[in-house]
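Residues in the sequence shown are numbered consecutively from 96, following the numbering used here.
Just so you know, even glycine gets a beta-carbon here, dropped at the ideal spot from N, CA and C.
This report refers to the structure that appears directly beneath it.
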Amino acid sequence: RAFDRALASLPLTQHARLWPAYLSFACAHPVPVDSALRVYRRYLRVQPHHGEEFAAYLQRHGRWAEAAEVLSGLLNDETFVSLEGKTRHQLWLELCDLVTAHPEETAAVDAEALLRSGIRRHGAETGRLWTGLADYHIRRGAFERARDTLEEALQTVSTVRDFSLVYDALAQFEESLLSARMAQ
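Right, here's the structure in full:
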């Protein structure tokens, strides 16, 4: 409440002095996560280019769907520049890792559309995005969709590195399916 009163009493030009202390207080251990999220969302209205920090905070606290939405929003913003020096491709890979590692928690996010959008935007070096999309389907139990995704990737990748990555993923996938069937 003290920070809220301070923000209300200070002119907008001096808010930058208060926000770092407010965020460090809100992110401190005894403060409930929901309270910290409210503070962070308020901060992002003033400093929207700090969305990457917010996504990292959400991931640290297991808010996978919200983190995926924030990262997706950053990637859809053509004017966004990473404060941590990450390229857009690195952010796509981070989003890919997030939705593939937590498919149930990020079910509200259309992961397939997100990853396919990243694949379309990056003509080269999309092998990891393709394999991430296939992994997403595998973790959800959609094995035929995973196979179709990997086969589509083999037809569309443009570099040898991507082809070998996708081919290895497809071979490993088929091998694990055969092993599972033989074990039955």
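| Asked | Found |
| --- | --- |
| Is DSSP giving Thr-174 helix, strand or coil here? | coil |
| Which residues in the same chain have their Cβ closer than 8 Å to the Cβ of Cys-191, if we skip the five residues on either side of it in sequence? | Leu-210, Gly-213, Arg-223, Leu-224, Gly-227 and Leu-228 |
| Taking all protein chains shown into account, decide if Ala-150 is buried (16 or more other Cβ within 10 angstroms of its Cβ) or exposed. | buried |
| Does the segment 119-135 touch the segment 162-176, meaning 3 or more C-beta pairs lie closer than 8 Å? | no |
| Indicate whether Gly-146 and Val-165 have their beta-carbon atoms separated by less than 8 Å. | yes |
| Cβ-heavy atom distance between Ala-237 and the ligand MN below 7 Å? | Judged by which ligands are present, the structure shown has none, so any question about the ligand MN falls away. |
| On a CA-only basis, which of Tyr-262, Ala-162 and Glu-220 is nearest Ala-206? Give me that one, please. | Ala-162 |
| Pull up the distance between the alpha-carbon of Ala-264 and that of Val-176, whole angstroms please. | 32 Å |
| Can you give me the Cβ contacts of Ala-241 inside the same chain, cut-off strictly under 6 Å, excluding the 5 residues immediately before and after it? | Ala-229, His-232 and Ile-233 |
| Could you tell me which uninterrupted alpha helix (DSSP H) segments, each at least 4 residues in length, are contained entirely in the segment 112-177, listed from first to last along the chain? | 128-141, 146-155 and 159-171 |
| With a CB to CB cut of under 6 Å and the five nearest residues on each side skipped, what residues in its chain are close to His-197? | Trp-159 |
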